[in-house]
Amino acid sequence: MDRGKSTPESGRLARSRWASCPTTFYRVRARRAAAAGGTPALLRTATSLLRDRLMRQWVLPIAIAAAFLSCGKPVEKHAEVAVPIGRPDNARTRLVERFDLAWRKLESFRAQQAARQAQQPGTEPAPPQPIQFVSGVKESFKHLDMTAINSAPVNVPITGDQTGPSVLKAQVYLDRVHFSVGAIDGGWGKNSSIAVWQWQRSHGMEPTGDVDQATFLSIAAAAGYVQPLVQYHVMEDDVNGHFVRIPDNVYEKQHLSCLCYQSVREELAEKFHAAEDFLKDLNRDVSFSELRAGDTIVVPNVRPALTADQHDIAKIVISIAGNSFDTFDANTNLIFHAPTTVGAGYDPSPTETLHIIEILPNPHFHYDPKLYHEVPDYMPDAHLSPGPNSPVGVVWMALSKEHYGIHGTADPESIGYVSSHGCIRLTNWDAEEVEHRVTTGVTVAFVDTRRHRE
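In my numbering, the protein residues as written are 165 to 618.
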C-alpha cells in the first residue's frame, strides 16, 4: 500500500525532459544539401524534401504524440488507502442489533465491573434550574418544539425501547462529555447504553447501562447543564458547498473529483452528530434544500469540534464483539468512548496488539478487489477521491498490520450495528476527534475477540 506523500515533479525537471525529447532535424539537413551544391545534390534535396513533407504530415505528428506520452510530466500521485470496506446492511438487521444486550455478558465488561473501584461518586454542582424527574411516562417528540423539549421533565430510568426528550438529553450530554453515542436520534439503544455503562464505571457508579436520576445528574453536570437543543444560524459554507450525487457503483464513484456531501441536510446532520431523519423531525417546517445563509434551524447542542492537537490518548482498547472503542490517558483514565463497527465473518479484526503507524487526513481510497473474498480478483482496481462519503471517511489511522486501520465512514448511522471487512470504523466526527488526540506509536489492543468463521 502506497502511503507516501504526493511528490509532483518540478517545472525545471519537466522542461529538461522535454528538452531531451526528439524534435525536428530537417532544417539541418536542408542547410547541408544547399552547401554541397550541384544538380545531383538538388535532385537528392528534392527527393529529401518530398520525404520530409510526408514525414511532417504523418510520421512527425505520431512521433511528437509518442514523445509527449513518454516524456511529459508524470501524473501526480497521492497517498492512498487500500482496505476492505463494509458490506451493506438492512434496516431490520440494524434494529435487531440496536437492542441486543449480549454485550453485557462479554468478558471485558464483566471483568471491568468486577474490578470497579469502591469509590463514591463526587458531589455534582447544582443545576441552574431544578431538574424535574418523573417515572412511567410515555414520551414522544410529537407536537413538541425546541422550548418544550428542553423544558420537559426527565423520565427515569432511561432504558429499553424508549424514545423522547429524556433520551435526547442523555445523548447530547454524553456527546458533550466525550462519551459518544454515534448518531443522535432521540431513541435508546445499545450505543447509548454502552456509553452510559462506561461513564458509570469510570465515575465510581454501579455500571448498569441504564440512566437513573444520579447518573443523569452526573452526566448533565459534567456537560455544564446546557440546553440540549439550540438554534443555529446557517452559514454560507453550509449551503454553498460542492454537493454531489454519490453512485452506488465503485467504478462510477472514481469519476467524481470529490466524494462530498450529497445534500445540505446530510452535511448539517453530520456537523451536529445527528441522524438525518431526526434532524428533519426537529425542523418539520424547514426545506433543507432551500436553506439560505442566515436562516435558523434547531440542532443538538453537541461538543465543539477539536481544532488543535492535544495528544492525550496513550492507549486504545477495542471490544470487537461489544462494538466499543475506548481510549485511555497515561494514567489509565478513560477519556473518550465511542461506538465502533469492527470486522466480522470472513474478515475479522486482528486479535494481536498493534500500534498506530500513520495518520492521514482526507485519504484517497484504492479499491483493490483482491482484498474482498466475494469479489473476483480479475476485476479492475478503482481509485476514489477524498471526502466525507469516502468508504474510509475523512481520516485514516493506519495500524501496524497491512490494510488495517481506524477510519471514518460514509454511513454514520451504521456505526455500532453493522460489521465491516476488518477495520475499525467510527463516525467521521469521532474519527476526527481521535485523530487530534493520538500520535503514531499509540497502542491499540483488542478484547472480546470472535472466532474466525470459515
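For glycine and all other residues, C-beta sits at the position ideal for the given N, C-alpha and C.
Hey, quick one: how far does the beta strand (DSSP E) through W560 stretch, first residue to last?
Residue range 559–563 is occupied by the beta strand (DSSP E) that includes W560.
Residue span of the alpha helix (DSSP H) that contains A312, given as start and end:
It spans 310–315 - the alpha helix (DSSP H) in which A312 sits, taken as one unbroken run.
Alpha carbon of S170 to alpha carbon of P392, nearest angstrom
Interpretation of S170 is limited by its pLDDT of 33, a score under 50 that renders its predicted location unreliable; the figure taken from the coordinates is listed afterwards. Distance between the alpha carbons of S170 and P392 is about 43 Å.
P533 and D545 closer than 8 Å at C-beta:
The Cβ atoms of P533 and D545 sit closer than 8 Å to each other.
Quick check on A370: buried or exposed, where buried means 16 or more other Cβ atoms within 10 Å of its Cβ?
Per the sequence shown, the amino acid found at residue 370 is Glu instead of Ala. The residue in question, E370, is exposed, as its Cβ has fewer than 16 Cβ neighbours within 10 Å.
Hey, is the region 473–480 in contact with the region 315–330, meaning 3+ C-beta pairs nearer than 8 Å?
The region 473–480 and the region 315–330 do not touch, with fewer than 3 CB-CB distances between them shorter than 8 Å.
Is it right to say H419 is buried, meaning 16 or more other beta carbons lie within 10 angstroms of its own, or is it exposed?
By the 10 Å Cβ count, H419 comes out exposed.
Which residue wins for smallest C-alpha separation from D376, given the options L446, L563, F297?
Closest option to D376, Cα to Cα, is F297.
Would the region 587–604 and the region 564–571 be scored as touching if the rule is three or more Cβ pairs under 8 Å?
Between the region 587–604 and the region 564–571, the count of Cβ pairs shorter than 8 Å is three or higher; the stretches touch.
Are the Cβ atoms of A485 and D612 separated by less than 8 Å?
In this structure, A485 sits near D612, with a CB-CB distance shorter than 8 Å.
Is it buried or exposed, S382, if we count other Cβ atoms within 10 angstroms and call 16 or more buried?
When all chains shown are included, S382 counts as buried.
Can you give me the Cβ contacts of Q364 inside the same chain, cut-off strictly under 7 Å, excluding the 5 residues immediately before and after it?
Excluding its 5 nearest sequence neighbours in each direction, Q364 has C-beta neighbours in its own chain below 7 Å: E370, P371, T372, T379, listed in chain order.
Our contact map puts S513 next to L423 with C-beta atoms below 8 Å; I'd like the distance itself, whole angstroms only.
Between L423 and S513 the Cβ distance is about 24 Å, and since that is not below 8 Å, they are no contact.
Out of curiosity, what's the CA-to-CA distance linking A347 and P540?
A straight line joining the alpha-carbon of A347 with that of P540 spans about 34 Å.
What are the residues that DSSP puts in a beta bridge with V354?
Reading off the sequence, residue 354 comes out as Lys, not Val. Beta-bridge pairing links K354 to no other residue.
For E577, which residues in the same chain have their Cβ closer than 6 Å to its Cβ, ignoring the five residues on either side in sequence?
Counting only Cβ-Cβ distances below 6 Å, and skipping sequence neighbours, we find A347, A439.
Looking at the secondary structure, which residues open and close the beta strand (DSSP E) in which A478 lies?
That residue, A478, is in no beta strand (DSSP E); it is neither H nor E in DSSP.
Can you give, in chain order, each stretch of the beta strand (DSSP E) that sits fully within the region 496–574 and has at least 3 residues?
Counting only runs of 3 or more residues that sit fully inside the region 496–574, the beta strand (DSSP E) segments are 498–503, 518–525, 528–531, 546–548, 559–563, 569–571, in chain order.
Between which two residues does the beta strand (DSSP E) harbouring P329 extend?
No beta strand (DSSP E) contains P329, which is instead part of the alpha helix (DSSP H) from 329–340.
Is it a yes or a no for the region 516–527 touching the region 485–500, going by three-plus beta-carbon pairs under 8 Å?
Because the criterion of three Cβ pairs below 8 Å is not met, the region 516–527 and the region 485–500 do not touch.
Which whole-angstrom value is the C-beta distance of Y396 and V463, which I expect to be below 8 Å?
Your pair Y396 and V463 checks out as a contact, with CB atoms roughly 5 Å apart and the cut at 8 Å.
Report the start-end ranges of each beta strand (DSSP E) in the region 385–470 that is 3 residues or longer and not cut off at the edges.
With a minimum length of 3 residues, the unbroken runs of beta strand (DSSP E) contained wholly in the region 385–470 fall at 393–397, 460–464.
Would you call H701 buried or exposed, if buried means 16 or more other Cβ atoms sit within 10 Å of its Cβ?
Shown here, the chain extends from 165 to 618; a query on residue 701 therefore has no answer.
I need the boundaries of the alpha helix (DSSP H) containing V375, first residue and last residue.
No alpha helix (DSSP H) contains V375, which DSSP labels as neither H nor E.
Contact check, V659 vs I480, beta carbons under 8 Å
Not covered by the structure: residue 659. The range shown for the chain is 165 to 618.
Using the C-alpha atoms, what's the distance from P552 back to V598?
Per the coordinates, the alpha-carbon of V598 lies some 16 Å from the alpha-carbon of P552.
Taking S356 and A334 to be in contact with their CB atoms under 8 Å, please state how far apart those CB atoms are, rounded to whole angstroms.
That pair is a contact at about 7 Å.
Contact belief for G580 with N487 at Cβ below 8 Å, rounded distance in angstroms
At roughly 5 Å, the Cβ-Cβ gap stays under 8 Å, so G580 and N487 are in contact.
Which residue from G351, T460, A469, G507 puts its Cα closest to that of V582?
Closest by alpha carbon: G507.
Note the first and the last residue of the continuous beta strand (DSSP E) segment covering A347.
Neither: A347 is in no beta strand (DSSP E) and is coded neither H nor E.
My guess is that F436 and V398 are in contact by the Cβ rule of under 8 Å, so how many angstroms apart are they, rounded?
Incorrect: roughly 12 Å between the Cβ atoms, too far for contact.
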